[in-house]
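K.L.:
If you want the numbering used here, it's the 1-based position in the sequence shown plus 68.
Quick one: the structure is below, and I'll ask about it shortly.
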Amino acid sequence: MSRRYLLAAALASLLMSPLAHSHEEEWFQGGSLHAVTVAKWNRASYANRLATSADWALASKNVEKLVRESGDIETLKPFAEQLLSCIDRISHTEGVIDETEAIRIASACMAYMDW
Numbered sequence: 069m070s071r072r073y074l075l076a077a078a079l080a081s082l083l084m085s086p087l088a089h090s091h092e093e094e095w096f097q098g099g100s101l102h103a104v105t106v107a108k109w110n111r112a113s114y115a116n117r118l119a120t121s122a123d124w125a126l127a128s129k130n131v132e133k134l135v136r137e138s139g140d141i142e143t144l145k146p147f148a149e150q151l152l153s154c155i156d157r158i159s160h161t162e163g164v165i166d167e168t169e170a171i172r173i174a175s176a177c178m179a180y181m182d183w
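Next up, the structure:
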């Protein structure tokens with residue numbers, strides 16, 4: 069079974085909880101910045117950056133395991149917030165090119181945080 073399938077299944081099971089059936093979008097839903105540049109990342113809403121960061125954080129085996137074992141999607145939020153903060157900090161550093169892919173910065177942050 070592929071890792072991508074397992075991650076999708078874990079996220080799907082968390083999203084199937086009663087909380088996920090509300091009419092309002094949850095903090096972890098709607099991320100659409102997976103393939104954008106730093107310039108676009110910096111212009112995006114906090115909600116979109118947080119949801120995208122949640123997707124990326126959940127791709128970490130360690131984070132995914134913690135979330136799955138807790139059975140609570142809220143376990144993911146501190147990781148998403150930490151990743152978002154790291155990406156924001158680096159993307160505003162002098163010398164970072166606007167055309168750099170945000171995912172590259174996210175990957176560097178996750179490696180730095182040893183996820």
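Cβ coordinates follow ideal geometry from the N, Cα and C atoms, glycine included.
On a predicted model such as this, the values are computed, not experimentally measured, just so you know.
Helix, strand or coil, according to DSSP, for E94 in the structure here?
P.N.:
For the purposes of this step, residue 94 is taken as the residue at position 26 of the sequence shown. Here E94 sits in coil by DSSP.
K.L.:
Going by beta-carbon coordinates alone, are A184 and E169 separated by less than 9 Å?
P.N.:
Examination of residue 184 is not possible in this model, given that the chain is present from 69 through 183 alone.
K.L.:
Within 10 Å of its beta-carbon, does G99 have 16 or more other beta-carbons around it, so buried, or fewer, so exposed?
P.N.:
If you number the sequence shown from 1, residue 99 lands on position 31. Flag for G99 reads buried.
K.L.:
Whose C-alpha, out of L118, A107 and Q97, is nearest the C-alpha of S153?
P.N.:
Within the sequence shown, residue 153 is the residue found at index 85, counting from 1. Among L118, A107 and Q97, the Cα nearest to that of S153 belongs to L118.
K.L.:
Can you list, in chain order, the residues of its chain whose CB lies under 7 Å from that of L134, leaving out five sequence neighbours each side?
P.N.:
By one-based count along the sequence shown, residue 134 stands at place 66. Within the same chain, L134 has close Cβ partners T143.
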